[in-house]
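Comments concern the structure below.
Protein chains: 2
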Amino acid sequence: MPATINLSCPLPTEPDTIQLAHGSGGRWMHQLLERVILPALGRNSPARHDGAIVEPGAGPLAVTTDSYVIRPLFFPGGDIGRLAVYGSVNDLAMCGARASWMSVGLILEEGLPMETLRRVLGSMAAAAAETGVEIVTGDTKVVERGKGDGMYVNTTAVGAVRAPRPIGPAAVRAGDAIVINGDLGRHGIAVLSVREGLEFEGEVASDLAPLWAPVERLLQAGLEVHCLRDLTRGGLSSALNEIAQGAKLGIRVRERDIPVNETVRGACEILGLDPFYVANEGRFAAFVPAEQARAAAELTGGVVIGEVTAERAGIVLLETTLGVQRPLDMLSGEQLPRIC
Amino acid sequence: MPATINLSCPLPTEPDTIQLAHGSGGRWMHQLLERVILPALGRNSPARHDGAIVEPGAGPLAVTTDSYVIRPLFFPGGDIGRLAVYGSVNDLAMCGARASWMSVGLILEEGLPMETLRRVLGSMAAAAAETGVEIVTGDTKVVERGKGDGMYVNTTAVGAVRAPRPIGPAAVRAGDAIVINGDLGRHGIAVLSVREGLEFEGEVASDLAPLWAPVERLLQAGLEVHCLRDLTRGGLSSALNEIAQGAKLGIRVRERDIPVNETVRGACEILGLDPFYVANEGRFAAFVPAEQARAAAELTGGVVIGEVTAERAGIVLLETTLGVQRPLDMLSGEQLPRIC
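Keeping their order, the protein sequence lines are chains U and P.
So the first sequence is residues -18 to 321, counted in our numbering.
So the second sequence is residues -18 to 321, counted in our numbering.
Written out as structure tokens, the structure is:
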């Protein structure tokens, strides 16, 4: 049964955890907005209306959305707030677009410590300022204890397309080189290490990072960028499979050229994981004409790991360090739940 | 501990509930997208890339976001899918903007029946087609059993502003008339009736409805619309309080002019609820110059319920049917959790 309204009940001092009433649309929710959410977002505070008005210039816009359900909320190298901002900024970057505006949807579980909410929002504000994205509108819902897991965050980002031609699997050509901007697997292993209380030799921090800057360098250098894809859920392997299938072309990559940090490699061996399937949050693959491969690697601080082939459409082949070729399939089954 | 990858494992026939692997970014997730999500969204299927490209015309855009956590997922007069589409379409309408593009973020709980997902997505597709909004991009996450409640949906909508002047509390003027487009409280009572297994004399279905059409009529008739606000969480009372505070003006409304269906009134009495605090999903308040009040009521099928006053800034006064004036406060505490 619902609680009845008690109009004369004075507001208690601010509770130190989220209550159901914080999602009611009434005075508690306004107090939460005024005292916690808007101050924490600082200059990135959205206006208090049903939506926000933005003034785009001429030309196409890119739109992307992601919900973030990562567990735990804080991990070495980041937290759900920073992830939620960078993640959607990065998805737009993969469209050749720079994020300008962002919405934030919070689903809070009753009992979430207010201090946790403040920390996460502080991270969001810092990440938004860093990447030049403006949080223009938001929404807060509260679900009962046991119907969430602390907090879930949705961000939807909008920004102008800066790439001069369409970027996507359809633009990939046989002969294209594939460049990645760094070593693989750190995000997944970092999250897993805190979640499962594992200790590895050497520390592993997430590779979480905003990706517009390296993409902008590729575009400003005039490179003919055919496709970009961040290597998040499902890792390198799933990304390459998606693109091979979308482009109806084959992909061949060389294991010896794909950088994996020694600690990550060791952790993967112990855990029975393949680093090519582990999620990254600051890594992407760029598909460019072969003659631009070296330039792309230099501009992104990365390496050339393989190429696109006309034969074996839809298949990703890995040339192992032993010189054998084996298919690098799409992830089958569950590897690491709730990594983003 | 995470499951290891089994590359040779054939995919089982489609499971009839959501599994954690459906959120992994791998083959199961692709299967879910290809076989369930994209077909269910029909012509509203988003493209398979990190984001979508849209081509707005010149002029400002409005952006809005909402997460929908309503319990139960299906209720008399609608379901979470229809609510998630109309809800964000309506928030844009309140900005004087017509929704053109929408993102959909799904957070699914492990064990959700696939059939439930299909039904909800089917509702979303129908509601999107009806309102002329295109679902351009999406995201699906899966959380463990007991970390969600079936499903949560975020929608973020973008669309061109059609209003010739800014709409919002800052545009409200003393003397403005307040018009609402119908009777209050049906959504909250309909949801509550199924949630708590209550039976009332007479059926109550939610008032859930898209609101762009009546707003467009106001704009096309050339009315000087100062503010629009949908009467969702916190009901009429919270909406009016927000506007009175935002406008730094007083509001006076007359109880006898505010329509409440007899069954809703009876249910509220039994439950100790005030219909002015109960959520609606197809009702809004429009603030227009007094001389346009009648026209606004006719165009929206509604009624004039009160006016804005220069005195008593920030206060909403209700003139009761007994002729006394009492403050209509913002909802304090929790009335009906998870009504949207």
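Yeah, the Cβ is synthetic: ideal placement off N, Cα and C, and Gly gets one too.
Judged by beta-carbon spacing, P:Arg167 lies within the 8 Å limit of P:Asn242, meaning their Cβ atoms are closer than that value. Against chain U, the beta carbon of P:Lys229 has no neighbour under 9 Å; the closest one sits roughly 13 Å away.
In this structure, DSSP gives P:Gly92 a state outside helix and strand, which the three-state scheme calls coil.
Rounded to whole angstroms, U:Ala33 and U:Glu288 show a C-alpha spacing of 43 Å. Comparing alpha carbon positions, the residue from U:Met132, U:Ala106, U:Arg99 and U:Val142 closest to P:Pro37 is U:Val142.
Taking 8 Å as the cut-off, the beta carbon of P:Ser5 is found no closer than this to the beta carbon of U:Pro53. Rounded to the nearest whole angstrom, the CA to CA distance from U:Ser174 to U:Gln316 is 14 Å. Between P:Gly40 and P:Ser81 the beta-carbon gap is near 12 Å, outside 8 Å, which marks them as no contact.
Scanning chain U for C-beta atoms nearer than 7 Å to the C-beta of P:Arg214 yields Ser5 and Gly6, reported in chain order. In the DSSP assignment, U:Tyr258 falls outside any beta strand (DSSP E), carrying neither H nor E.
In the displayed model, P:Val142 falls within a strand according to three-state DSSP. Between the beta-carbon of U:Asp238 and that of U:Val284 there is about 6 Å, and that keeps the pair under the 8 Å contact cut.
In terms of beta-carbon proximity, P:Cys249 stays away from the interface with chain U, with every pair separated by 8 Å or more. Not one beta carbon of chain U lies nearer than 8 Å to the beta carbon of P:Gln273. Sequence-distant partners of P:Gly215 (beyond 5 residues in either direction) whose C-beta falls short of 6 Å from its own C-beta, in its chain, are Leu312.
Under the DSSP assignment, U:Ala151 falls outside any beta strand (DSSP E); it carries neither an H nor an E label. If you check the CB distance, U:Asp31 and P:Thr45 come in under 8 Å. Beta-bridge analysis with DSSP links U:Glu15 to no other residue. Nearest C-alpha to U:Ser219 among U:Val259, U:Gly149, U:Leu192 and U:Ile251: U:Val259.
In the structure shown, the three-state DSSP call for U:Cys208 is strand. Contact note: U:Val139 reaches chain P through Val44 and Val139, using a C-beta cutoff of 7 Å and chain order.
An exposed status is given to P:Ile251, since fewer than 16 other beta-carbon atoms sit within 10 Å of its beta-carbon. Here the segment 265 to 273 of chain U makes contact with the segment 148 to 162 of chain U; the two share three or more CB pairs at distances below 8 Å. In the DSSP annotation of this structure, the continuous segment of the alpha helix (DSSP H) that includes P:Gly216 starts and ends at Gly216 to Ala228. The alpha carbon of P:Asp164 has as its nearest neighbour, out of P:Arg198, P:Gly263 and P:Thr290, the alpha carbon of P:Gly263. The alpha-carbon separation between U:Met95 and U:Ala21 amounts to approximately 11 Å. At a Cβ-Cβ threshold of 8 Å, U:Ala171 and U:Ala186 count as neighbours. For P:Ala278, the enclosing alpha helix (DSSP H) starts and ends at Ala274 to Thr281. At a cut-off of 8 Å, the C-beta of U:Gly166 has no neighbouring C-beta in chain P. Between U:Gly129 and P:Lys229 the beta-carbon gap is near 37 Å, outside 8 Å, which marks them as no contact. If you ignore the 5 residues before and after P:Thr118, its C-beta comes within less than 6 Å of the C-beta of Pro27, Gly32, Ala33 and Ser84, all in its own chain and listed in chain order. Bounds of any alpha helix (DSSP H) do not take in P:Leu317, whose DSSP letter is neither H nor E. Per DSSP, the unbroken beta strand (DSSP E) holding U:Ile232 starts and ends at Gly231 to Arg235.
U:Gly178 is classed as exposed because its beta carbon has fewer than 16 other beta carbons within 10 Å across all chains shown. The Cβ atoms of P:Val123 and P:Leu89 sit closer than 8 Å to each other. Judged by DSSP in its simplified three-state form, U:Ile159 adopts strand.
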